[in-house]
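**Q**
There are 2 protein chains.
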Amino acid sequence: MRSVFYISDQTGITTEKLGTALLIKFPHVELRKDSFPFSNTPSKIRQILLKVRNRYMIDGYKPLIISSMVDPELRKLLKVDYATHLDFFESFIAPLELALDTKAVMSSGKIHSIGDQDKYNHRIEAIHYSLENDDGVSAKHYEEADLIVVGVSRVGKTPTSIFLAVNYGIKVANYPLAEDDLEHPSLPKILVPFHHKLFGLSIEVEKLHTIRSNRLPGSRYAKIETCKHEIAAAERIMHNSGVPFLNTSHKSIEEISVAMMQIVKLTRQF
Amino acid sequence: MRSVFYISDQTGITTEKLGTALLIKFPHVELRKDSFPFSNTPSKIRQILLKVRNRYMIDGYKPLIISSMVDPELRKLLKVDYATHLDFFESFIAPLELALDTKAVMSSGKIHSIGDQDKYNHRIEAIHYSLENDDGVSAKHYEEADLIVVGVSRVGKTPTSIFLAVNYGIKVANYPLAEDDLEHPSLPKILVPFHHKLFGLSIEVEKLHTIRSNRLPGSRYAKIETCKHEIAAAERIMHNSGVPFLNTSHKSIEEISVAMMQIVKLTRQF
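Keeping their order, the protein sequence lines are chains L and G. Under our numbering, the residues of the first sequence are numbered 1 to 270, in order. Under our numbering, the residues of the second sequence are numbered 1001 to 1270, in order.
1) Please report how far the alpha carbon of SER1039 of chain G lies from the alpha carbon of GLY1218 of chain G, in whole angstroms.
2) Distance, Cα to Cα, ASP71 of chain L vs ARG46 of chain L?
3) Please compile the residues from chain L whose C-beta is within a distance smaller than 7 angstroms of the C-beta of MET1106 of chain G.
4) What ranges does the alpha helix (DSSP H) occupy inside the stretch 80-166 of chain L, keeping only unbroken runs of at least 4 residues that lie completely in it?
5) Return the Cβ separation of LYS17 of chain L and ILE1111 of chain G in integer angstroms, given the expectation that the two are a contact with Cβ distance under 8 angstroms.
6) Roughly how many angstroms separate the alpha carbons of LEU1049 of chain G and MET261 of chain L, rounded to a whole number?
7) How should ASP1059 of chain G be labelled, buried or exposed, when 16 other C-beta atoms within 10 angstroms of its C-beta is the threshold for buried?
8) Touch check for the stretch 1181-1195 of chain G and the stretch 1230-1238 of chain G: three-plus C-beta pairs under 8 angstroms?
9) In angstroms, rounded to a whole number, what distance separates the CA positions of LEU1216 of chain G and PRO27 of chain L?
10) May I have the straight-line CA-CA distance separating GLY169 of chain L from PRO1042 of chain G, to the nearest angstrom?
11) How big is the Cα-Cα spacing for ARG1214 of chain G and ALA1222 of chain G?
12) Please state the DSSP three-state secondary structure of ALA1173 of chain G.
13) Thinking C-beta only, is PRO1037 of chain G closer than 8 angstroms to GLY1012 of chain G?
14) Mind checking which residues open and close the alpha helix (DSSP H) that includes ASN1054 of chain G?
15) How far does the alpha helix (DSSP H) with LYS1207 of chain G in it reach, from first residue to last?
16) Give the interface partners of LYS1218 of chain G over in chain L, defined as CB-CB distance under 9 angstroms, in chain order.
17) Taking just the CA atoms, how far does ASN1133 of chain G sit from HIS1141 of chain G?
18) Taking the alpha-carbon positions, what's the GLU204 of chain L to ASP116 of chain L distance?
19) Is any beta-carbon of chain G found at less than 8 angstroms from that of PRO95 of chain L?
20) Whose Cβ in chain G lies nearer than 9 angstroms to the Cβ of ILE127 of chain L?
21) What residues in the stretch 73-95 of chain L bring their beta carbon closer than 8 angstroms to a beta carbon of chain G?
22) Is any beta-carbon of chain L found at less than 8 angstroms from that of THR1102 of chain G?
23) Taking the alpha-carbon of GLU1255 of chain G as reference, which of G:SER1161, G:LEU1147, G:ARG1053 and G:LEU1031 has the nearest alpha-carbon?
24) So, using beta-carbon positions, are VAL166 of chain L and PHE1199 of chain G closer together than 8 angstroms?
25) Could you work out which residue in G:THR1226, G:ALA1259 and G:ASP1081 is closest to LEU1208 of chain G when comparing CA atoms only?
26) Would you verify that the beta carbon of PRO1241 of chain G is, or is not, closer than 8 angstroms to some beta carbon of chain L?
27) Within 10 angstroms of its Cβ, does HIS1085 of chain G collect 16 or more other Cβ (buried), or is it exposed?
28) So what's ILE1256 of chain G in DSSP terms, helix, strand or just coil?
29) Run through chain L and tell me which residues come within less than 8 angstroms of SER1213 of chain G, C-beta to C-beta.
30) So SER8 of chain L is in the alpha helix (DSSP H); what residue range does that whole segment cover?
31) Tell me whether TYR1082 of chain G is buried or exposed, calling it buried when 16 or more other Cβ atoms sit within 10 Å of its Cβ.
32) Please state if the CB of VAL1004 of chain G and the CB of LEU1074 of chain G are separated by a distance shorter than 8 angstroms.
33) Mapping DSSP to helix, strand and coil, what is ARG1032 of chain G?
34) Given a cut-off of 8 angstroms, decide if ASP1087 of chain G and LEU1266 of chain G are closer than it, judged by their beta-carbon atoms.
35) Since GLN1262 of chain G meets chain L, which of its residues come closer than 9 angstroms, beta carbon to beta carbon?
36) Please report how far the alpha carbon of ALA1259 of chain G lies from the alpha carbon of LYS1157 of chain G, in whole angstroms.
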């Protein structure tokens, strides 16, 4: 059992992601993780170091400190002989200074702060927009959408739309293809004027069956035949009308979102 | 003008965050960024390198390649003399192998893939839960909540709840304190049984006034007196009933979310 301390003088979100992406490559090491965001004073750091030292005594191994300390003075405090310390600013700022031929201004900008207020407001608006246009009830606000996600019920439209809004500030509406829609081989009329903003999601029959069965066990909605029929009809519509689509069966929200953005060439809006 | 190429054989989400967190410290360098997720074959890499080389000719400066290539063979291809290359696996895997006294298994796990299906399902459930319990209409599902966010209208409850659900798999309900609630100095009855799960958000009067004015200009709802009265009443309720709360005025969704999780000791659920 090894102990990992994530320490940041800001939110530490990026540090933890980085640490997770790295430590996942050591599947045979059992890890105990603790996070210390907003550790922005020497006294906070010293309190954490007491815990690090304590853990060293208990574990018999040096704990790992994975940090992103903007303040170099605070960063120095983490160089202790009872822990292994990796700091991502420390590792990358020097090579970047060399490459960009200029000194870093460590006091400037923070990745997860409000930053530019207009861009931040746009992001909050995108979240509200996506929540309010999640059901296909009305096309009233489709003009405003950056993207309209279409697909059958429980194909993954909502989580994907919300993820894109929250993390990329993209205004995503989503339109569930309902039974009525699926009877026709062409796009529902309501969507036609927004053809250029459409993106489809599809899924394997078995997978949809499992998801729907968890939700409404034994229902017609969850039946394998229903799933099969709906998926085929939805794919036919997308195919006939030239709407790009991808299969979500083995993809996480992140993978679906990044793939969609790549295909339709959308970028982060904040 | 310098060019930055984010290249990853997976989603590249962490790579871009890391790059953004670093490059924000060089405010005087104008940057042009391009992202190439899912670059997982030599031929894809070679296509990107053509662009990198081209940009080098145009810019007159070596572009920056910031990458996270799991596959060391693909990573090697990025070592070209017309670009500066930083790879975060390359930088950190060796020191981690030393610290953990074991070899990394580069083929194991991916941070943004589905991974553990049960945990992934839990996360999707959390997103649906938070969307469906966003209005305080019914306490029917409050048993199931990990957290219930309370506060006046437009204090930031919804974006925060959604962020926590999407990025941490936390089931967050949110309860807007309405006029009726604000007339009493104590918690709305509906919330009393869930006291231990409550977290409050507050905000500065001016800030709330601005946000509400953008939404409904000139309304009583947006008036400075209304905002002042509502905030005071809400804070009194939270204070009287011992509900922890924080002020969102100068905090981003990320900062609010991480601070809340720290205060109530919640951790990522997937």
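Think of the CB as a built atom: it goes at the ideal place given N, C-alpha and C, for glycine as much as any other residue.
**A** So, from the data block:
1) Taking the first residue of the second sequence as position 1, residue 1039 of chain G is located at position 39. Taking the first residue of the second sequence as position 1, residue 1218 of chain G is located at position 218. Cα to Cα, the separation comes out at about 51 angstroms.
2) What you label residue 71 of chain L is simply residue 71 of the first sequence in a count that begins at 1. What you label residue 46 of chain L is simply residue 46 of the first sequence in a count that begins at 1. Cα-Cα distance, rounded: 15 angstroms.
3) In the second sequence, the residue the question calls residue 1106 of chain G occupies position 106. Residues of chain L with a Cβ closer than 7 angstroms to the Cβ of MET1106 of chain G are, in chain order, LYS25.
4) Entirely contained in the stretch 80-166 of chain L, the alpha helix (DSSP H) runs reaching 4 residues are, in chain order, 88-100 and 117-132.
5) The count along the first sequence starts at 1 and reaches residue 17 of chain L at position 17. The count along the second sequence starts at 1 and reaches residue 1111 of chain G at position 111. So it is a contact: roughly 7 angstroms between Cβ atoms.
6) Your numbering for residue 1049 of chain G matches position 49 in the second sequence. Your numbering for residue 261 of chain L matches position 261 in the first sequence. Taking the straight line from one Cα to the other gives about 21 angstroms.
7) On the second sequence, residue 1059 of chain G is found 59 positions in, with the first residue counted as 1. When all chains shown are included, ASP1059 of chain G counts as exposed.
8) These segments touch.
9) To locate residue 1216 of chain G, count along the second sequence from 1; it is residue 216. To locate residue 27 of chain L, count along the first sequence from 1; it is residue 27. Inter-residue distance for LEU1216 of chain G and PRO27 of chain L is about 53 angstroms (C-alpha atoms, whole angstroms).
10) Here the question's residue 169 of chain L lines up with position 169 in the first sequence. Here the question's residue 1042 of chain G lines up with position 42 in the second sequence. Using only the alpha carbons, I get a separation of about 32 angstroms.
11) The residue you call residue 1214 of chain G lines up with position 214 of the second sequence. The residue you call residue 1222 of chain G lines up with position 222 of the second sequence. Per the sequence shown, residue 1214 of chain G should be read as Asn rather than Arg. If I take the Cα positions, the gap works out to 9 angstroms.
12) Counted from its first residue, the second sequence places residue 1173 of chain G at position 173. Strand, per DSSP.
13) One-based indexing of the second sequence puts residue 1012 of chain G at position 12. One-based indexing of the second sequence puts residue 1037 of chain G at position 37. Yes, the pair counts as a contact, with Cβ atoms nearer than the cut-off.
14) Position 54 of the second sequence, counted from the first residue, corresponds to residue 1054 of chain G. For ASN1054 of chain G, the enclosing alpha helix (DSSP H) starts and ends at 1042-1059.
15) Within the second sequence, residue 1207 of chain G is the residue found at index 207, counting from 1. Start and end: 1205-1215.
16) By 1-based counting over the second sequence, the position of residue 1218 of chain G is 218. Correcting the residue identity first, residue 1218 of chain G is Gly in this sequence and not Lys. Ordered by position in chain L, no residue passes the 9 angstroms Cβ test against GLY1218 of chain G, which lies about 19 angstroms from the chain.
17) Taking the first residue of the second sequence as 1, we reach residue 1141 of chain G at position 141. Taking the first residue of the second sequence as 1, we reach residue 1133 of chain G at position 133. Each residue's alpha carbon lies about 8 angstroms from the other.
18) Locating residue 204 of chain L in the first sequence gives position 204, counting from the first residue. Locating residue 116 of chain L in the first sequence gives position 116, counting from the first residue. The straight-line gap from Cα to Cα measures roughly 42 angstroms.
19) Residue numbering aside, residue 95 of chain L sits at position 95 when the first sequence is read from its first letter. In terms of beta-carbon proximity, PRO95 of chain L lines the interface with chain G, with at least one pair separated by less than 8 angstroms.
20) Position 127 of the first sequence, counting from 1, holds the residue named residue 127 of chain L. One finds THR1158, PRO1159, ILE1162, PHE1163 and ILE1253 in chain G with Cβ atoms closer than 9 angstroms to the Cβ of ILE127 of chain L, taken in chain order.
21) For the stretch 73-95 of chain L, the residues whose beta carbon sits under 8 angstroms from a beta carbon of chain G are, in order, THR84, LEU86, PHE88, PHE89, SER91, PHE92, ILE93 and PRO95.
22) On the second sequence, residue 1102 of chain G is found 102 positions in, with the first residue counted as 1. So yes, THR1102 of chain G belongs to the interface.
23) In the second sequence, the residue the question calls residue 1255 of chain G occupies position 255. For GLU1255 of chain G, the nearest C-alpha among the options comes from G:SER1161.
24) Here residue 166 of chain L refers to the residue found at position 166 of the first sequence. Here residue 1199 of chain G refers to the residue found at position 199 of the second sequence. Contact check for VAL166 of chain L against PHE1199 of chain G fails: the beta carbons are separated by 8 angstroms or more.
25) Sequence index remark: in the second sequence, residue 1208 of chain G carries index 208 (1-based). Nearest of G:THR1226, G:ALA1259 and G:ASP1081 to LEU1208 of chain G, Cα basis: G:THR1226.
26) Stepping through the second sequence from its first residue, residue 1241 of chain G is reached at position 241. Per the sequence presented here, residue 1241 of chain G reads as Ser, with Pro not at that position. SER1241 of chain G does not count as touching chain L.
27) Here residue 1085 of chain G is taken as the residue at index 85 of the second sequence, counted from 1. Counting the other Cβ atoms within 10 Å of the Cβ of HIS1085 of chain G gives 16 or more, which makes it buried.
28) Against the second sequence, residue 1256 of chain G aligns to sequence position 256. Looking at ILE1256 of chain G - three-state DSSP - the assignment turns out to be helix.
29) The residue you call residue 1213 of chain G lines up with position 213 of the second sequence. Going along chain L, no residue has its Cβ under 8 angstroms from SER1213 of chain G, so there is no contact; the nearest lies around 12 angstroms.
30) As a first step, residue 8 of chain L must be located in the first sequence, where it is residue number 8. That residue, SER8 of chain L, is in no alpha helix (DSSP H); its beta strand (DSSP E) goes 2-8.
31) In the second sequence, counting from the first residue as 1, residue 1082 of chain G sits at position 82. So TYR1082 of chain G ends up on the exposed side.
32) Mapped onto the second sequence, residue 1074 of chain G falls at position 74. Mapped onto the second sequence, residue 1004 of chain G falls at position 4. Cβ atoms of LEU1074 of chain G and VAL1004 of chain G: not closer than 8 angstroms.
33) Position 32 of the second sequence, counting from 1, holds the residue named residue 1032 of chain G. Residue state, collapsed to three classes: strand.
34) Within the second sequence, numbered from 1, the residue matching residue 1266 of chain G stands at position 266. Within the second sequence, numbered from 1, the residue matching residue 1087 of chain G stands at position 87. At least 8 angstroms separates the beta-carbon of LEU1266 of chain G from that of ASP1087 of chain G.
35) Counting from 1 along the second sequence, the entry for residue 1262 of chain G is found at position 262. Within chain L, the residues placing a beta-carbon under 9 angstroms from that of GLN1262 of chain G are SER35, PHE36, PRO37 and PHE38, ordered along the chain.
36) Counting from 1 along the second sequence, the entry for residue 1259 of chain G is found at position 259. Counting from 1 along the second sequence, the entry for residue 1157 of chain G is found at position 157. So the two alpha carbons sit approximately 14 angstroms from each other.
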